[in-house]
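Q:
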């Protein structure tokens, strides 16, 4: 398994290609870190090849020749909205320049790059990628409700009532902290209101802002909030 660029470079040099072939050109550009330092489409790689070498190679041919690297498990590929997105599988987004990872603000690439809670990806991923932004958000926050109910054991409560009961700073069921100081209680109360607000303002199927949403970037921000709330629930301790 390739773990870093040095290992990748050594492996690339073992591959046998005809000198100056398309595959050989792509290999050299990978070694020189000109391509695949971030998520890239075949069209973007084609443009870089032309800039660096003067060779005009159609994107479809780029994809064809990159398959050999993919077959050798040196690079990875995802099909998003009919586009081949190429990247290094071991690349850590946290140490990559933010403006590279969020290249062109492509929401579909960002969705894959974000470390959303796996349950959010499961219920909202296909909806988001097919342009159903409002349903993807509704399903995400419906999951937040189910997640809190399951961990708290409050099976007879729902929505805002559930959140008030689960996170009540004076008698909580789910504790964000030890609740030993005023600051602890303030934090617990603050997050109680965030959870309550997410139910009243976002999960509400009649909420105009969500119902009419057509902006994928804003949808991602809502999904990120839902993901954060699930991670907070995961970290909460249930009061004995």
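Numbering (the working numbering), first residue to last: 1149 to 1388.
Glycine is no exception: its CB is placed at the ideal position from the N, C-alpha and C atoms.
Determine the direct distance from the alpha carbon of residue 1268 to that of residue 1318, and round the result to whole angstroms.
A: Their backbone Cα atoms lie some 30 angstroms apart in a straight line.
Q: List the residues that DSSP assigns as beta-bridge partners of residue 1227.
A: Looking at the DSSP assignment, residue 1227 forms a beta bridge with 1232.
Q: How would you label residue 1186, buried or exposed, when you count the other beta carbons within 10 angstroms and need 16 or more for buried?
A: Looking at its Cβ environment, which holds 16 or more other Cβ atoms inside 10 Å, residue 1186 is buried.
Q: Taking 8 angstroms as the threshold (beta carbon to beta carbon), is residue 1281 in contact with chain B?
A: Absent here is chain B; the protein component of the structure consists of one chain.
Q: Among the candidates 1375, 1173 and 1281, whose CA atom is the shortest distance from the CA of residue 1209?
A: Looking at the Cα atoms, 1173 is the closest of the given residues.
Q: Starting from the Cα of residue 1369, find the closest Cα among 1291, 1196 and 1262 and give me that residue.
A: Closest by alpha carbon: 1262.
Q: Would you call the stretch 1301-1311 and the stretch 1336-1353 in contact, with 3 or more CB pairs under 8 angstroms?
A: Touching, yes, given that three or more Cβ pairs across the two stretches are closer than 8 angstroms.
Q: Going by beta carbon distance, what residues of the same chain come within less than 7 angstroms of residue 1170, once the five residues before and after it are set aside?
A: Correct list, in chain order: 1205, 1209 and 1213.
Q: For residue 1278, name the three-state secondary structure that DSSP assigns.
A: Looking at residue 1278 - three-state DSSP - the assignment turns out to be coil, as it is neither helix nor strand.
Q: Taking 7 angstroms as the limit between beta carbons, can you name the residues of its chain near residue 1216, skipping five residues before and five after?
A: 1171, listed in sequence order.
Q: Would you list the one or two residues that DSSP bridges to residue 1188?
A: Answer by DSSP bridge pairing, in chain order: 1234.
Q: So, at 8 angstroms on beta carbons, what are the nonlocal neighbours of residue 1146 in its own chain, with the 5 sequence-adjacent residues on each side left out?
A: Any answer about residue 1146 is impossible in this case: the structure gives the chain only from 1149 up to 1388.
Q: Do you know how far the Cα of residue 1327 is from the Cα of residue 1278?
A: Distance between the alpha carbons of residue 1278 and residue 1327: 43 angstroms.
Q: So for residue 1244, helix, strand or coil by DSSP?
A: With a pLDDT of only 41 at residue 1244, under the threshold of 50, the placement of this residue in the model should not be trusted, and no figure is reported.
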